[in-house]
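Colleague: Position in the sequence shown counted from 1, then plus 570, gives you the working numbering.
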Amino acid sequence: MADTQFGPHGWTPERLGSLAGRCYVITGANAGTGYEAARLFLSKGASVVMLNRSAEKSAAAIATLKVEHGAEADVRFVEMDLADLTSVRRAAVEIRETVPRLDALICNAAIAQVPKQRLTVDGFESQLGTNHYGHFALCGLLFERIEESEGRIVVVASLGYNMGIKTIQFDDLNWDNNYSANAVYSQSKLAQMMFAYELQDRIRAAGKSVEVLVCHPGSSKTSLIKTSGSPVMRAIWWLMTKSPMVQTAQQGAYPEVMCATEEGLEERALYGPTGRMEFVGPVGRGTLHPHAYDKPVMTRLWEVSEAATGVVWPL
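Here it is as structure tokens:
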């Protein structure tokens, strides 16, 4: 049954009031849902910090946003590559030095459907390294600033978590022996969700006040598959975008903006579209399958992630 918390039309930006004085940090914000989230925040007077790889694309995105929202729009860019932990650490230092208030860190960036095994500069399988380890490290390095701000961490997941092997392949995290683009992507998004749910438990045990929320964009018209997927996957995705099973990137941004701003949301939940197959439709609380919060697996993944990244959380 579709969630009715926000009425038949689900959550929409009409629920947003003024966000003046608030600051939102978004990974992967020069295009797609991250860019659309930035647009919505700026439209309500918030400041936005984009964490992106490309300085050129970021400058173009910022220029477009300033045309729409005025030259005084408070939006800027910090260079960061989630696939490079040195880059993540450098960006975190800059954020700590220049962003005194951090209302929400939105873990939006991702790569998907990488056709052949590729490793990050740190030696991790690229999808796990980018989608999970990079964000795990970034959130850990910025946690105290988020806590000082009584802020939130928003993890942007994917329905892909419910595909693949539905657990973490600890004995071969780089998938040296059985690499599959879809299964590895699925594991990386499951890892992100497990990180979020384990973090909720650790925050609660430590008596901290940071909220951690998990959402997904549904099936939205972004460049995710076009950027990293195989030619076959790109062709399949192109065909899908012509169907009613795919929505706009702006609609895909609604769940992460909601999770960054709305009060009264449940933590052990997955928010996103609630319509057809939860690909599209009104935004609310969707289906969360229990393998996403398998406690022994979550705990082990946390320990593995701290060891892999060298980031030990202050919890």
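Yeah, the Cβ is synthetic: ideal placement off N, Cα and C, and Gly gets one too.
Tell me which residues share the same chain as asparagine 600 and place their Cβ nearer than 7 Å to its Cβ, disregarding the 5 neighbours each side in the sequence.
Modeller: The residues are Met620, Asn622, Ser624, Lys627, Ser628 and Ala631.
Colleague: Taking three-plus beta-carbon pairs below 8 Å as touching, is the stretch 764-773 in contact with the stretch 874-885?
Modeller: Yes, the stretch 764-773 is in contact with the stretch 874-885.
Colleague: Please report the straight-line C-alpha distance between tryptophan 661 and alanine 633, rounded to a whole angstrom.
Modeller: As written in the sequence, residue 661 is alanine, which differs from the tryptophan given in the question. Approximately 21 Å, taken between the alpha carbons.
Colleague: May I have the straight-line CA-CA distance separating glutamate 720 from asparagine 747, to the nearest angstrom?
Modeller: So the two alpha carbons sit approximately 44 Å from each other.
Colleague: Considering Cα atoms alone, identify which of Trp745, Val780, Tyr749 and Tyr731 is closest to leucine 760.
Modeller: Nearest of Trp745, Val780, Tyr749 and Tyr731 to leucine 760, Cα basis: Tyr731.
Colleague: Pick helix, strand or coil for glycine 580, following the three-state DSSP scheme.
Modeller: In the structure shown, glycine 580 sits in a strand (DSSP, three-state: E or B).
Colleague: Among residues of its own chain, excluding the 5 on either side of alanine 674, which ones have a beta-carbon nearer than 6 Å to its beta-carbon?
Modeller: Counting only Cβ-Cβ distances below 6 Å, and skipping sequence neighbours, we find Tyr594, Gly721, Arg722, Val724 and Ala830.
Colleague: Using DSSP with H/G/I as helix, E/B as strand and the rest coil, what is threonine 869?
Modeller: Helix.
Colleague: Mark serine 875 as exposed unless 16 or more other C-beta atoms lie within 10 angstroms of its C-beta, in which case mark it buried.
Modeller: Looking at its Cβ environment, which holds 16 or more other Cβ atoms inside 10 Å, serine 875 is buried.
Colleague: Pick out whichever of Tyr605, Asn701, Gln817 and Ile716 has its Cα sitting closest to the Cα of phenylalanine 765.
Modeller: It is Asn701 whose Cα lies nearest to the Cα of phenylalanine 765.
Colleague: Excluding the five sequence neighbours on either side, which residues of its own chain have a C-beta within less than 6 Å of the C-beta of valine 780, listed in chain order?
Modeller: Taken in chain order, the residues that qualify are Ile716, Glu717 and Ile773.
Colleague: Tell me which residue opens and which closes the alpha helix (DSSP H) that valine 726 is part of.
Modeller: Per DSSP, valine 726 belongs to no alpha helix (DSSP H); it is in the beta strand (DSSP E), 722-726.
Colleague: Per DSSP, what kind of secondary structure is arginine 838 in: helix, strand or coil?
Modeller: Residue state, collapsed to three classes: coil.
Colleague: If you compare alpha carbons, which of Ile738, Val691 and Thr656 is closest to alanine 707?
Modeller: The residue with the shortest Cα to Cα distance from alanine 707 is Thr656.
Colleague: What residue range does the beta strand (DSSP E) around alanine 653 cover?
Modeller: Here alanine 653 belongs to no beta strand (DSSP E), and DSSP marks it neither H nor E.
Colleague: Decide if methionine 650 is buried, meaning its Cβ has at least 16 other Cβ atoms within 10 Å, or exposed.
Modeller: It is buried - the Cβ of methionine 650 has at least 16 other Cβ atoms within 10 Å.
Colleague: Can you tell me where the beta strand (DSSP E) with glutamate 781 in it begins and where it stops?
Modeller: Note, glutamate 781: beta strand (DSSP E), 781-785.
Colleague: Return the residue from the list Val618, Lys778, Arg646 and Ala753 that minimises the CA-CA distance to leucine 589.
Modeller: Here the closest residue by C-alpha is Val618.
Colleague: Could you say if the stretch 840-855 and the stretch 573-584 meet the contact criterion of at least three C-beta pairs nearer than 8 Å?
Modeller: As far as the Cβ criterion goes, the stretch 840-855 touches the stretch 573-584, which means the pair count is three or higher.
Colleague: In whole angstroms, give me the CA-to-CA distance for alanine 877 and glycine 602.
Modeller: For alanine 877 and glycine 602, the distance between alpha carbons rounds to 32 Å.
Colleague: Indicate the three-state DSSP secondary structure (helix, strand or coil) for glutamate 638 in the structure shown.
Modeller: It is helical.
Colleague: Does the beta carbon of alanine 761 fall short of 7 Å from some heavy atom of the ligand ADP?
Modeller: The ligand ADP is absent from the structure shown, which contains no ligands of any kind.
Colleague: Please classify threonine 690 as buried or exposed, where buried requires at least 16 neighbouring CB atoms within 10 angstroms.
Modeller: By the 10 Å Cβ count, threonine 690 comes out buried.
Colleague: Where does arginine 646 sit, in a helix, a strand or coil, going by DSSP?
Modeller: Strand, per DSSP.
Colleague: Express the C-alpha separation of glutamate 837 and glycine 887 in angstroms, rounding to a whole number.
Modeller: Because the chain here runs from 571 to 885, residue 887 falls outside it and cannot be looked at.
Colleague: Can you grab the Cα-Cα spacing for the pair glutamine 575 / methionine 763, in whole Å?
Modeller: Near 22 Å, if we compare the C-alpha coordinates of methionine 763 and glutamine 575.
Colleague: Go ahead and label alanine 585 buried or exposed: buried means 16 or more other beta carbons lie within 10 angstroms of its beta carbon, across all protein chains shown.
Modeller: Strictly speaking, residue 585 in this sequence is arginine, with alanine absent from that position. The residue is exposed, with fewer than 16 neighbouring Cβ atoms inside 10 Å.
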